[in-house]
Every structure is written in C-alpha cells, then in structure tokens.
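Peer 1: Chains as they are written, first to last, in the numbering used here: chain A, 325 to 603; chain B, 4 to 273.
Positions of the beta carbon are idealized from the N, C-alpha and C atoms, including for glycine.
Owing to the predicted nature of the structure, the values given are computational and were not obtained by experimental measurement.
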Amino acid sequence: MNDTIEQPLAHAADPAARSAAAIRLRELCKTFGRLVAIDRVSIDIQSGEFFMIVGPSGCGKTTLLRILAGLDAATSGEIAISTPRSDRPVNAMIFQGDSIFPWMTVWNNAAYGLKMRGVATPVIKEVVGHYLARTGLTRFADYYPYQLSGGMRQRVSIARAFANDPEILLMDEPFSALDAQNKLLLQEELLRIWEEQKKTVVFITHSVDEAVLLGDRIMIMTAHPGRLKLIVPVPLPRPRNLMDLQKAPEFGALVHRIWSSLREEVLRAREQEDKEAAS
Amino acid sequence: MSLENAIPAGRRRWTMSLRTRDRLLSLASPIGLLLVWELAARFGFIDTRFFPAPSSILAVLGEMMRSGELATHTFISLERLFWGTILGGLPALVLGIAMGLNRIVRAVLDPIIAATYPIPKSAILPLALLIFGLGEGSKIFMVAIGVFFPVVINATTGVLEINRIYLDVGKNFKANRWNTFWTIALPGALPVIMTGFKLGIGIGLVLIAIAEMIGAKSGLGFLIWSAWSTFEVEQMYAGLFMIALIGFLLTVGLNELERIIVPWKAEAGA
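#1: Return the chain-ordered list of same chain residues with a C-beta closer than 6 Å to the C-beta of K599 (chain A), the five sequence neighbours on each side being excluded.
#2: What do you get for V532 (chain A), buried or exposed, if any count of 16 or more other CB atoms within 10 angstroms of its CB means buried?
#3: Does the CB of G191 (chain B) have a neighbour CB from chain A at under 8 Å?
#4: Since I116 (chain B) and A158 (chain B) should fall inside the 8 Å C-beta cutoff, what is the C-beta to C-beta distance between them, to a whole number of angstroms?
#5: Name the one or two DSSP bridge partners that A682 (chain A) has.
#6: For a cutoff of 8 Å on Cβ pairs, would you count W427 (chain A) as touching chain B?
#7: Report the three-state DSSP secondary structure of E574 (chain A) (helix, strand or coil).
#8: Considering Cα atoms alone, identify which of B:K201, B:G203, B:L226 is closest to A212 (chain B).
#9: State the beta-bridge partners of V365 (chain A) as determined by DSSP.
#10: For I405 (chain A), does the three-state DSSP call read helix, strand or coil?
#11: Tell whether a beta-carbon distance below 8 Å holds between A416 (chain A) and P469 (chain A).
#12: Go to I115 (chain B), then tell me how far its alpha helix (DSSP H) extends in each direction, as first and last residue.
#13: Using a Cβ-Cβ cutoff of 8 Å, what residues of the segment 485-507 of chain A are near chain B? List them in chain order.
#14: If you measure beta-carbon to beta-carbon, which residues of the segment 157-172 of chain B are closer than 7 Å to chain A?
#15: Any chance you could list the beta strand (DSSP E) runs of at least 3 consecutive residues sitting entirely within the segment 171-202 of chain B, in chain order?
#16: Quick check: what's the CA-CA separation for I187 (chain B) versus I377 (chain A)?
#17: Buried or exposed, going by whether 16 or more other CB atoms sit within 10 Å of the CB of A147 (chain B)?
#18: Taking 8 Å as the limit between beta carbons, can you name the residues of its chain near P11 (chain B), skipping five residues before and five after?
#19: Please report whether the beta-carbon of R587 (chain A) lies at a distance below 8 Å from any beta-carbon of chain B.
#20: With a threshold of 16 other CB atoms inside 10 Å of the CB of H548 (chain A), please say whether the residue is buried or exposed.
#21: Please go through the segment 494-521 of chain A and give each complete alpha helix (DSSP H) segment of 4 or more residues, from N-terminal end onward.
#22: Helix, strand or coil: which one does DSSP assign to K553 (chain A)?
#23: What does A393 (chain A) reach in chain B if we use C-beta pairs closer than 9 Å?
#24: Determine the contact status of L509 (chain A) and I418 (chain A), defining contact as a CB-CB distance below 8 Å.
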C-alpha cells in the first residue's frame, strides 16, 4: 500500500528523494459535536512538494492544517508524517495574521523555535542571521513588532518558521491580510527561500491565483462537510517568475479550471448558509 | 541646509520631547499646588491653625530630618511596605498566572478570591493584630493583603487576555510549561500585572498608615497619630507630606520601571 505514488511532480528533479510521501492522510475526520468539519480526507503529500489547499470558507481547511500541526486532534482516521531526521522538528506553522510575539525583538522572535529546542547559541546566531538576511530583516533585528509594518511582521513569522528547520512547513493564509503589492513581494520571497531547501509545504489560501502561482498541486475542498473534491497538478516550471507567470496563457487556463470547480462549491456553501439562516 | 530638510528635523525633535514634556508636567503640577497653598496661607485666605503654610511645615520637616526622627519613621514604613509587597505580590503573581493558564486552578480559586475580595481590607486589622500581635507581622500582613488582590486578579486577567494565537505558537514550537510561563504568559500579561502592582502598592500605602495609627509605636502612621494627640499640626503635615511623597515617588518609579520592563509597548498616543 505504501508504494502507491500519485501524480508525478512537475519539478521532480530527484525522483529518489521524492519517492516517499512526507504526509499521508487516510480517512481523516474531524467533527465538532454534530458538525462534520472534515469528512474522510485521504491524501499523500510528497516530500519536497508545495501543496496548496483551496476551498470555500468553512470547508475545514484551517482545521486540517491545525491537525497537521498537532494543535488539534483528529476525530478519526490516520495521519502519518515521515520523520527521516529525528533531530529536526516535524513542523512549523506560519499563522494567519499577527502571530509573532509583541514582547520579543525581531531576532528573538526568529530564534524562538531554536531556543525552545535548546539549540546551541552559535548555531542559533548563524541560522537566525541567515534567515533574517533572506527576509531582508537584518537591519531590524533589534526592533519590536510594533515598530514594523504588517508585511515585515509576516516576514518575521516566515523567518521564524524556516529557522526552526522543520520537516514540513504549514501556512495558513499567511498573506491574506496584506495589500496586493506586499503580497506579491512576499510570495516571491517565500519561493526564493523555499527553493534553497525545497521543504514540504502545505499552504492554505482562498486565492486561486496564489494557489497556481506557488503550488505543485492544488487540492480543492468542498464545504459542509469538508471533503476532497479534486486535486489539480500545476505543471509550471520552477523557479517561477511570478510577474511573467501571471501573463502566461497556461496560468490563466489553470486559474479558470480551478476557479470553475471552486465556484460550484462556494455557491453551494452560500446556498446552505442561506438555508440555515432561513430555518 | 534647505528648508525641506529643516522642517522634518524640527518635527522630529518635537515628537521626541513628548515623553520629556509629560515628565516635566507631572513634576510641575504638585509644585504649582504647593505655591497656591503658600500664598493663600500668607495672605490669610485659610486658617493656619488647620492649614499651616507649606514653608512652616517645611521648617518643621527640616527640623525632624535633622533629628533623624522623620527618617526613622519613613524608613520603618517603607520597610513594611516593601516586605508586604513582596510577600503579598509574589504569591499573587504566581497564583494569578496559574489561574490564567489552568482552568482547574481557576475553578478552584476563583470563588475564594471573589468571596474575600470585597471585604474592606482595613476591617481585617483587628484580626491581623489578634493573629500577628503588635509587632511587624501585623503591619506587613496588612500591606500583603492589600497588594495580593489587585495583583492576583490582574495577573489572571492579563493571562486570559493574551491572544490565543501566541499560546498556539508556543505549542507549535514545542515550548514546555516552564517556557510557556516565561516566554508567553508572564511577558504577555506583564502590562496588566504592572497595573495590578500599582493599584496594590497604593492600597498597601493606605493600609500601612491605618495599621501604624492603631497598633504601632513607629512608622509614619504612628507619627501622624501622635501629632494629632499632641496637637502638633505641622508635624502631622510633615507626616502626611512624607506619605504623599512616598506615594508620588512610587508612582513615578513604577511608571519608569514599566517603561524598562515593558519596552515593547508603543508609547501611549504614539
């Protein structure tokens, strides 16, 4: 059962390294009382894959991510996350909205995961220094979050997650609070940093454009209950130039395809909400 | 050198001095009040038997300082205030944060605190005298009781008001209990806890004065009380002045302390 591999990846340069699923979900369910948030979701996410999840609001995508992060427990089903290196944390999450500690400087925020793991100070210095440089925050190392813009605060959050060097990165609509320009800049930065090590990423978004720009595969979820509807591979080459990509016809075709599938779900979810409100 | 450069620079200096301006104003207002009082006493607008001029109070104050009398009483009161704050504040801090973090601890302790909090602290003095006698114990206990409640309540509220996302981050980055306390709960609740300490020390000051009036042979409360019984009005004011000064300096000091230990809070209005 273990060797069933789904679609091959567009950018799979080293097939041997990608043969194992980094994350395997089987029949995963999560209920809150009578409400079914996630209904029998089974997926394999390959090691090094940039996996996107889109779905209407209330489809349980945040719940799914929180289960992967170990913040919530699944009601039933199986989760297997491969951990080839025991010295490495399983995951690091980049949260939606402000999640960096207001009482710590940029440096201490970025170093948080490493400090909690008791990593030696010289290593922390090197790793944090590297990721602050990669996110353009070196100059702001001693600043407190209140002195930074929203975009910069989210950069700190990205640096904190990458610095912790986890097996998988979980991102919960990390750019949804940013304006369009900042969003594009941070998406480019994220891809640049990701290209260094190609960690497994599970990325939730409500933006179809973002899903196509960043992802290797896109999972579309249905709402109430949250089910897997469709997985769409994104056969666009990497490294990607997001500016150029947005003008490419393949990009438009993919966005159209995903959006038409997603649209049905959004409309269905809205209908359901109307019905519930009426009853 | 151009005008475009000069204007923003000037603006900047003005904003930078806001903090200094606030500090200067907070020093100037009590001095202004004393000035008005002095003039009113000199020109006979107020009865100097009850409201002696600040200058004559100052003369008595100087005399008492030279004799060392005032310093002795002030030091004793401060010592009691200090130990009361430590003995009441630290357990309150730990309990309050534990209550904020842990639902069970909260469920157990909340009703006890809610039931005892409304008792006027001064009404406990006879009980304190009964239990701890006329010595230091009863005074320190009174201050401790006064500091305990605001700190425990504020520490609980402070932790409960920490955005849940920060606790999730701690969990996600595998912070253990100890680290959750030191890196999230305590710093996150610190601004609210500081408010609790300010309130508590203010109440402690009130209680120490009352406690020293009734069951003591030393301290500023005793000084004021004995001045009343011998109708040494200036001495009474000297004692009151010292208590006011302590209260004022403590407020200023605690505000400064807050700036140092909570450097991440944006300045009010900035």
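Peer 2: Concretely, from the data shown:
#1: Sequence index remark: in the first sequence, residue 599 (chain A) carries index 275 (1-based). Counting only Cβ-Cβ distances below 6 Å, and skipping sequence neighbours, we find nothing.
#2: On the first sequence, residue 532 (chain A) is found 208 positions in, with the first residue counted as 1. With 16 or more other Cβ atoms within 10 Å, it is buried.
#3: As a first step, residue 191 (chain B) must be located in the second sequence, where it is residue number 188. Taking Cβ atoms only, chain A reaches closer than 8 Å to G191 (chain B), which makes this a yes.
#4: Taking the second sequence and counting its residues from 1, the one referred to as residue 116 (chain B) is at position 113. Taking the second sequence and counting its residues from 1, the one referred to as residue 158 (chain B) is at position 155. Contact between I116 (chain B) and A158 (chain B) fails: their C-beta atoms lie close to 11 Å from each other, not under 8 Å.
#5: Because chain A is modelled from 325 through 603, residue 682 (chain A) falls outside the range shown and cannot be assessed.
#6: By 1-based counting over the first sequence, the position of residue 427 (chain A) is 103. True, the Cβ-Cβ gap to chain B drops below 8 Å.
#7: To locate residue 574 (chain A), count along the first sequence from 1; it is residue 250. In the structure shown, E574 (chain A) sits in a helix (DSSP, three-state: H, G or I).
#8: One-based indexing of the second sequence puts residue 212 (chain B) at position 209. Among B:K201, B:G203, B:L226, the Cα nearest to that of A212 (chain B) is on B:L226.
#9: For the purposes of this step, residue 365 (chain A) is taken as the residue at position 41 of the first sequence. Bridge partners of V365 (chain A): A:L352.
#10: In the first sequence, counting from the first residue as 1, residue 405 (chain A) sits at position 81. Residue state, collapsed to three classes: strand.
#11: One-based indexing of the first sequence puts residue 416 (chain A) at position 92. One-based indexing of the first sequence puts residue 469 (chain A) at position 145. No, the Cβ-Cβ distance between A416 (chain A) and P469 (chain A) is not below 8 Å.
#12: Numbered from its first residue, the second sequence carries residue 115 (chain B) at position 112. For I115 (chain B), the enclosing alpha helix (DSSP H) starts and ends at 106-119.
#13: N488
#14: I168, Y169, D171, V172
#15: Whole beta strand (DSSP E) segments, 3+ residues: zero.
#16: Locating residue 187 (chain B) in the second sequence gives position 184, counting from the first residue. Locating residue 377 (chain A) in the first sequence gives position 53, counting from the first residue. So the two alpha carbons sit approximately 31 Å from each other.
#17: Mapped onto the second sequence, residue 147 (chain B) falls at position 144. Buried: at least 16 other Cβ atoms inside 10 Å.
#18: For the purposes of this step, residue 11 (chain B) is identified with residue 8 of the second sequence, where counting begins at 1. Note that P11 (chain B) scores 49 on pLDDT, short of 50, meaning its location in the model is unreliable and no value can be drawn from it.
#19: If you number the first sequence from 1, residue 587 (chain A) lands on position 263. By this cut-off, R587 (chain A) is not an interface position.
#20: The count along the first sequence starts at 1 and reaches residue 548 (chain A) at position 224. H548 (chain A) is classed as buried because its beta carbon has at least 16 other beta carbons within 10 Å across all chains shown.
#21: 504-521
#22: As a working mapping, residue 553 (chain A) is identified with position 229 in the first sequence. Residue state, collapsed to three classes: strand.
#23: Numbered from its first residue, the first sequence carries residue 393 (chain A) at position 69. Within 9 Å Cβ-Cβ: D171, K174, N175.
#24: Working through the first sequence from its first residue, we reach residue 509 (chain A) at position 185. Working through the first sequence from its first residue, we reach residue 418 (chain A) at position 94. Contact flag unset, no.
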